[in-house]
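Trainee: Just so you know, my numbering puts 70 at position 13 of the sequence shown, and the rest follows in order with no gaps.
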Amino acid sequence: MADPRPSPAPGDTGLPRWVKAFGIIAVVGALLVIGLMIVGGGSHGPDRHAPPAGAGGSAASSTRPEDTGGVGGPADASEATRTVEVSALDTMTFEPARIEVTAGETITFVVTNNGQAVHEFTLGDAAMQQEHAAQMEHMPDGVAHDQPNSITLQPGETGLLTWRFGDTGTLEYACHEPGHYQAGMHGQVTVT
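1) In three-state DSSP terms, what is V128?
2) Spell out a yes or no on whether the segment 134-147 and the segment 180-194 are touching, meaning 3 or more CB-CB pairs, one atom from each, closer than 8 Å.
3) Could you check if F256 is buried or exposed, using at least 16 other CB atoms within 10 Å of its CB as the buried criterion?
4) Could you spell out the range, first to last residue, of the alpha helix (DSSP H) harbouring E177?
5) Taking G236 as the reference, give the member of H176, E229 and G223 with the closest Cα.
6) Assuming V246 contacts E229 (C-beta within less than 8 Å), just tell me the rounded distance between them.
7) Taking the Cβ atom as the reference point for each residue, do T179 and A145 lie within a distance shorter than 8 Å?
8) CB G226 to CB P153, shorter than 8 Å?
9) For the beta strand (DSSP E) holding A231, just list the boundary residues, first then last.
10) With C-beta atoms as the reference, is M242 less than 8 Å away from M149?
11) Is the beta carbon of R221 sitting closer than 8 Å to the one on G86?
12) Where does the unbroken beta strand (DSSP E) through E142 begin, and where does it stop?
13) Would a check of beta-carbon distances place A132 closer than 8 Å to chain C?
14) To which residues of the same chain is G172 closer than 7 Å at the C-beta, ignoring the five residues directly before and after it?
15) Straight-line CA distance for L88 to K77?
16) So if DSSP puts N170 in a beta bridge, which residue, or which two residues, is it bridged to?
17) Can you name, in chain order, every residue of its own chain whose Cβ lies under 8 Å from the Cβ of A132, other than the five neighbours on each side?
18) Take the Cβ of G216 as the centre, count every other Cβ of all protein chains shown within 10 Å, and call the residue buried at 16 or more, exposed below.
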């Protein structure tokens, strides 16, 4: 005996409409998720990218996340007791190479990139510098990032970073653009 149901039209699978609609939505959703993962693939953990710091300041001078322990933490520029000017040079050096501060002091660093290459100024202890260097390995060249202890500067650009120093000890400021730190682009902050 013949099947009384009509044959599906050419190209019709015979599935109910709701199954087809669900399948299409699932495929589109999966493609969106994959696309977002690809676009966001340059991210390095919880940190966010931001535009390069400009002459008007940086995210570091206007945010106030938790204190980072004995090294101190970011502070508002209005709290600064003094300003220290720092030059980033294409000779893979900073001027000055050494800075002395007092524990508890709040300083605004006015950092100018006097070179032709992108440079950054990252302030922290050895562990913070190592962590930042590892993050930079996974970032596209010249991408700025929103971290309270770091600013990225394009050639000729000036940025601000305000920091309240904690316990006595030694900190470092460094550039972690590819090859810069290894070429000697770091300086020392002595906290007394």
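Ideal Cβ positions, reconstructed from N, Cα and C, are used throughout, including at glycine.
Please read all numbers here as calculations on a predicted model, not as lab measurements.
Mentor: Reading it off the structure:
1) Along the sequence shown, one-based indexing puts residue 128 at 71. Reduced to three states, the DSSP call for V128 is helix.
2) no
3) Here the chain has residues from 58 to 249 only, and residue 256 is not among them.
4) For the purposes of this step, residue 177 is identified with residue 120 of the sequence shown, where counting begins at 1. Here E177 belongs to no alpha helix (DSSP H); instead the beta strand (DSSP E) covers H176 to G181.
5) As a position in the sequence shown, residue 236 is number 179, starting the count at 1. Of the listed residues, the one whose Cα sits closest to G236 is H176.
6) Position 189 of the sequence shown holds residue 246. Position 172 of the sequence shown holds residue 229. Yes, V246 and E229 are in contact; Cβ-Cβ is about 7 Å, under 8 Å.
7) The count along the sequence shown starts at 1 and reaches residue 179 at position 122. The count along the sequence shown starts at 1 and reaches residue 145 at position 88. No.
8) Against the sequence shown, residue 226 aligns to sequence position 169. Against the sequence shown, residue 153 aligns to sequence position 96. Their beta carbons are not under 8 Å apart, which means G226 does not touch P153 by this criterion.
9) Position 174 of the sequence shown, counting from 1, holds the residue named residue 231. From DSSP, the beta strand (DSSP E) with A231 extends over G226 to A231.
10) The residue labelled residue 242 in the question sits at position 185 within the sequence shown. The residue labelled residue 149 in the question sits at position 92 within the sequence shown. Yes, the Cβ-Cβ distance between M242 and M149 is below 8 Å.
11) Taking the first residue of the sequence shown as position 1, residue 221 is located at position 164. Taking the first residue of the sequence shown as position 1, residue 86 is located at position 29. Not in contact: R221 and G86 (Cβ atoms no closer than 8 Å).
12) As a working mapping, residue 142 is identified with position 85 in the sequence shown. Residues R139 to L146.
13) Absence of chain C from the displayed structure is noted, only one protein chain being present.
14) For this step, residue 172 is matched to residue 115 along the sequence shown. Correct list, in chain order: A145, L146, D147 and P212.
15) Taking the sequence shown and counting its residues from 1, the one referred to as residue 88 is at position 31. Taking the sequence shown and counting its residues from 1, the one referred to as residue 77 is at position 20. One C-alpha to the other measures close to 17 Å.
16) Along the sequence shown, read from residue 1 onward, the residue named residue 170 stands at position 113. Beta-bridge pairing links N170 to A145.
17) What you label residue 132 is simply residue 75 of the sequence shown in a count that begins at 1. Cβ within range, chain order: R121, T163, T219, W220 and R221.
18) Within the sequence shown, the letter at position 159 stands for residue 216. Buried: at least 16 other Cβ atoms inside 10 Å.
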